[in-house]
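Asks: Would you mind keeping the following structure in view while I ask a few things?
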Amino acid sequence: MAARRAIPFSEINDVELLFSHIKSSKIQDKDIDGKESGNTINLTFFHVNVSKGGMKMRPYFEGPETDFPRGISLDKGKVKGWNRYRMDSEDERKFYQTEARTSKRGYIRTKEAKLESDVGRTVAMAKDDSTLTVYKDVSGEEELFKVEGDQELVVLGKKEKGAWLSVKMEGEKGYMEVLLDKAASLMFDHKGDLPISHHETEEDTKKIMKHTTYFRRTDTGEWDESHNPCSYPQWSRYVNHSTGSEENSCDIMIKLNDNQIKKIHWSALQNVSFTGYPVYACDRYLVSKDRINPQFKIISFVLTSEPKPFEKTNWQASTVDKTEGVDKSKVDAWLASLEEEKNKTPPETPVGDNDGVKDILDGGVMESVDLDINPDEIEGL
Numbered sequence: 116m117a118a119r120r121a122i123p124f125s126e127i128n129d130v131e132l133l134f135s136h137i138k139s140s141k142i143q144d145k146d147i148d149g150k151e152s153g154n155t156i157n158l159t160f161f162h163v164n165v166s167k168g169g170m171k172m173r174p175y176f177e178g179p180e181t182d183f184p185r186g187i188s189l190d191k192g193k194v195k196g197w198n199r200y201r202m203d204s205e206d207e208r209k210f211y212q213t214e215a216r217t218s219k220r221g222y223i224r225t226k227e228a229k230l231e232s233d234v235g236r237t238v239a240m241a242k243d244d245s246t247l248t249v250y251k252d253v254s255g256e257e258e259l260f261k262v263e264g265d266q267e268l269v270v271l272g273k274k275e276k277g278a279w280l281s282v283k284m285e286g287e288k289g290y291m292e293v294l295l296d297k298a299a300s301l302m303f304d305h306k307g308d309l310p311i312s313h314h315e316t317e318e319d320t321k322k323i324m325k326h327t328t329y330f331r332r333t334d335t336g337e338w339d340e341s342h343n344p345c346s347y348p349q350w351s352r353y354v355n356h357s358t359g360s361e362e363n364s365c366d367i368m369i370k371l372n373d374n375q376i377k378k379i380h381w382s383a384l385q386n387v388s389f390t391g392y393p394v395y396a397c398d399r400y401l402v403s404k405d406r407i408n409p410q411f412k413i414i415s416f417v418l419t420s421e422p423k424p425f426e427k428t429n430w431q432a433s434t435v436d437k438t439e440g441v442d443k444s445k446v447d448a449w450l451a452s453l454e455e456e457k458n459k460t461p462p463e464t465p466v467g468d469n470d471g472v473k474d475i476l477d478g479g480v481m482e483s484v485d486l487d488i489n490p491d492e493i494e495g496l
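Going by this note's numbering, the letters in the sequence shown line up with residues 116 to 496, in that order.
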């Protein structure tokens, strides 16, 4: 097999996204009991390619080394796993960071700032050889942060004469957000063929793009910096629907200390903790009028350490020790009867992750549920 180089996410600014094709599919909506309701849901998928250095290729991007503390598992025919990003990792932070999460707002004293204006934009900076303090409100009692040198703060609203100015420090876009913005801009160029024909600007399209990372918030709506950002990626796996057999799956490799490369099947990574470098296929997006869901998958993974079994916390160890023992023979008979009943039920036909709509209704690599697709909300595509 010829070696192919995935594009490091750190090179995303050098990449141009190219339109590939649009694919529409239909599926029968189902009610809560799994029965077809009679309503048809129309789905639209937007596919892209990339161009880098004059070469056109599939959008395969290699992410930073990352952590799967609970391994991966098979869920309704899909291989998925909880991915926890480490906040102390600079490489991972550059990958998942978002502008909204890192932007800061506050107030500055007008007399302490140097102001520069351009068409429709005014920025504030610290005066020479000084720092500029940003406060929580105009009382000036609580400091939020300071800027110095040529660091700029955007003045919000119209510039007014007064003792205070409302300002914002623009946030940092991570590599994934840069990619999603590029995709949204490309979709806006083709909005007439998509359910977003009502969008007036690229910003309208960017606003409904679902980020691939989940960031927890506090009860007050602030970003919760005490919890690691995370995602729930899907791993590539194809099952032949006719035979029910697995025909292809994610390439997983580990380098041994004798320099041999060992291939590993995804099933070996169940119920273990592991780290490594993933390659994401970032070519497909599910588009509705209210949301765009990236349908990314991990297609290759290089392990960087030996996977280790993880232990679940026993929250009731002391409680179970205090309980009286139950007759062992009765419990064994009860469990055996349950197993017998289970064996009478025919196994569910495994589902693959090819282009069938049923295979991706519950999301792509970064989102397993919550697509918010309602047949009454989707206009003719």
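Note that CB positions come from ideal geometry on N, CA and C, so glycine has one too.
#1: Report yes if the C-beta distance between Phe416 and Ile367 is below 7 Å; otherwise report no.
#2: In three-state DSSP terms, what is Ile311?
#3: Please report how far the alpha carbon of Ala239 lies from the alpha carbon of Glu214, in whole angstroms.
#4: With burial defined as no fewer than 16 other Cβ atoms inside 10 Å of the residue's Cβ, what is the status of Asn198: buried or exposed?
#5: Measuring CB atoms only, is the stretch 392-408 touching the stretch 157-165, in the sense that at least three cross pairs come out at less than 8 Å?
#6: Between Met324, Asn355, Lys167, which lies nearest to Ala298 when the distance is taken from Cα to Cα?
#7: Give the DSSP bridge partners of Arg399, in chain order.
#8: Check whether the Cβ atoms of Glu180 and Thr358 sit closer than 7 Å, and answer yes or no.
#9: Can you list, in chain order, the residues of its chain whose CB lies under 7 Å from that of Ile311, leaving out five sequence neighbours each side?
#10: Could you tell me the distance, in whole angstroms, from the CA atom of Leu132 to the CA atom of Ser166?
#11: Please return the same chain residues whose Cβ sits closer than 7 Å to the Cβ of Thr464, not counting the five positions on each side in sequence.
#12: Would a C-beta distance cut-off of 7 Å place Tyr290 and Ile127 closer than the cut-off?
#13: Would you kindly work out how many angstroms separate the C-alpha atoms of Phe134 and Tyr175, rounded to a whole number?
#14: Output the distance between the C-alpha atoms of Gln385 and Glu318, rounded to the nearest integer angstrom.
#15: Flag this pair as yes or no: are the beta carbons of Val262 and Trp279 separated by less than 7 Å?
#16: Does the count of Cβ pairs from the stretch 217-224 and the stretch 280-289 closer than 8 Å reach three?
#17: Who are Cys345's beta bridge partners in DSSP?
#18: Return the bridge partner residues of Tyr392 from the DSSP annotation.
#19: Who does Ile367 pair with in a DSSP beta bridge?
#20: Cα separation between Trp449 and Lys443?
#21: Figure out for me which residue from Lys283, Ala396, Leu271 has the closest Cα to the Cα of Gly260.
#22: By a C-beta neighbour count over all protein chains shown, 10 Å radius and 16 as the cutoff for buried, is Lys193 buried or exposed?
#23: Assign Pro393 to one of two classes, buried (16 or more other C-beta atoms within 10 Å of its C-beta) or exposed (fewer than that).
#24: What does the Cβ neighbour count give for Phe425, buried or exposed, with the cut at 16 atoms within 10 Å?
#25: Any idea if Asp468 is buried or exposed, counting beta-carbon neighbours within 10 angstroms, 16 or more meaning buried?
#26: By a C-beta neighbour count over all protein chains shown, 10 Å radius and 16 as the cutoff for buried, is Trp381 buried or exposed?
#27: Measuring only the C-alpha atoms, how far is Phe124 from Asp436?
#28: What's the gap between the Cα of Ser364 and the Cα of Ile413?
#29: In angstroms with no decimal places, state the Cα-to-Cα distance between Ile137 and Cys397.
#30: Under a three-way DSSP split, which group does Val472 fall into?
#31: Pull up the distance between the alpha-carbon of Pro498 and that of Ser281, whole angstroms please.
Replies: In terms of the structure at hand:
#1: Against a cut-off of 7 Å, the Cβ pair of Ile367 and Phe416 comes out as a contact.
#2: When secondary structure is reduced to three states using DSSP, Ile311 falls in the coil class, being assigned neither helix nor strand.
#3: Each residue's Cα considered, the two are about 19 Å apart.
#4: Per the 10 Å Cβ criterion, buried.
#5: At 8 Å Cβ cutoff, the stretches touch.
#6: Ranked by how close their Cα comes to the Cα of Ala298, the residues Met324, Asn355, Lys167 have Met324 in first place.
#7: DSSP, once it has assigned bridges, lists His162 as partnering Arg399.
#8: Cβ distance not < 7 Å, so Glu180 and Thr358 don't count as in contact.
#9: Result list for Ile311: Met302, Thr320, Val402, Lys404, in chain order.
#10: Separation of Leu132 and Ser166 (C-alpha to C-alpha, rounded to the nearest whole angstrom) is 6 Å.
#11: With a pLDDT of 46 at Thr464, under the threshold of 50, the modelled position of this residue cannot be trusted; read the value that follows with caution. The answer, listed in chain order, is Gly359.
#12: Yes, the Cβ-Cβ distance between Tyr290 and Ile127 is below 7 Å.
#13: Straight-line Cα distance between these residues: approximately 15 Å.
#14: Rounded to whole angstroms, Gln385 and Glu318 show a C-alpha spacing of 41 Å.
#15: For Val262 and Trp279, no; Cβs fall outside 7 Å.
#16: A contact exists between the stretch 217-224 and the stretch 280-289.
#17: Note: Cys345 sits in a beta bridge opposite Arg199, Tyr329.
#18: Beta-bridge pairing links Tyr392 to Val417.
#19: Looking at the DSSP output, Ile367 sits in a beta bridge with Ile379, Phe416.
#20: If I take the Cα positions, the gap works out to 10 Å.
#21: One point to set straight first is that residue 260 is Phe, not Gly, in the sequence displayed. For the residues Lys283, Ala396, Leu271, the minimum Cα distance to Phe260 belongs to Lys283.
#22: Here Lys193 is buried. Its C-beta has 16 or more other C-beta atoms within 10 Å.
#23: Buried.
#24: The residue in question, Phe425, is exposed, as its Cβ has fewer than 16 Cβ neighbours within 10 Å.
#25: The predicted model places Asp468 with a pLDDT of 44, which falls under 50 and marks its position as unreliable; any figure quoted below should be read in that light. Buried, because 16 or more other Cβ atoms sit within 10 Å of the Cβ of Asp468.
#26: When all chains shown are included, Trp381 counts as buried.
#27: Those two C-alpha atoms are separated by around 51 Å.
#28: Distance between the alpha carbons of Ser364 and Ile413 is about 10 Å.
#29: Roughly 15 Å separates the two Cα atoms.
#30: Residue placement at Val472 is poorly supported in this model, since its pLDDT is 45, which falls under 50; the coordinates still yield a value, given next. Here Val472 carries a helix assignment [DSSP, helix/strand/coil].
#31: The structure shown does not extend to residue 498, since the chain is modelled only from 116 through 496, so no value can be given for it.
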